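Scroll down for the structure; my scribbles are underneath it.
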Amino acid sequence: MTFTTVFLVTRKTGIPPSAFKQHWENTHIPLLKAIVGYDFPLSHTRHYIERDLSTPEYPANILYGQQEDFTFDAVAVFTFANRAHWER
Numbered sequence: 001m002t003f004t005t006v007f008l009v010t011r012k013t014g015i016p017p018s019a020f021k022q023h024w025e026n027t028h029i030p031l032l033k034a035i036v037g038y039d040f041p042l043s044h045t046r047h048y049i050e051r052d053l054s055t056p057e058y059p060a061n062i063l064y065g066q067q068e069d070f071t072f073d074a075v076a077v078f079t080f081a082n083r084a085h086w087e088r
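What the sequence shown shows, in the UniProt record's numbering, is residues 1 to 88, in sequence order.
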């Protein structure tokens, strides 16, 4: 049975959302692949919170909830073959 982990990822203060996404996609994911090699998850999906880029606070574009509910900038879902695969 597969084992799935979910991470809430937050960008550093002052970094624009577009720079955060670019860095995560082009630096962190390749680095993780290089470090873990064969043990990399079977799948890895990232969902980025859409933000209003017209203000330096970059508020989340939300349909429901409050701004303070969105302290993170992305949700990353990693799926492994099983728990043993995740624990390696």
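Ideal placement from N, C-alpha and C gives every residue a C-beta, glycine not left out. As the structure is a prediction and not an experimental result, all values here were calculated from the model.
For Tyr38, the secondary structure class from DSSP, reduced to helix, strand or coil, is helix. Proximity of the stretch 4-12 to the stretch 65-79 meets the contact definition, three or more beta-carbon pairs being nearer than 8 Å. Separation of Asn26 and Gly65 (C-alpha to C-alpha, rounded to the nearest whole angstrom) is 31 Å. DSSP places Ala60 outside any alpha helix (DSSP H), giving it a letter other than H or E. Boundaries of the alpha helix (DSSP H) around His23: 17-23.
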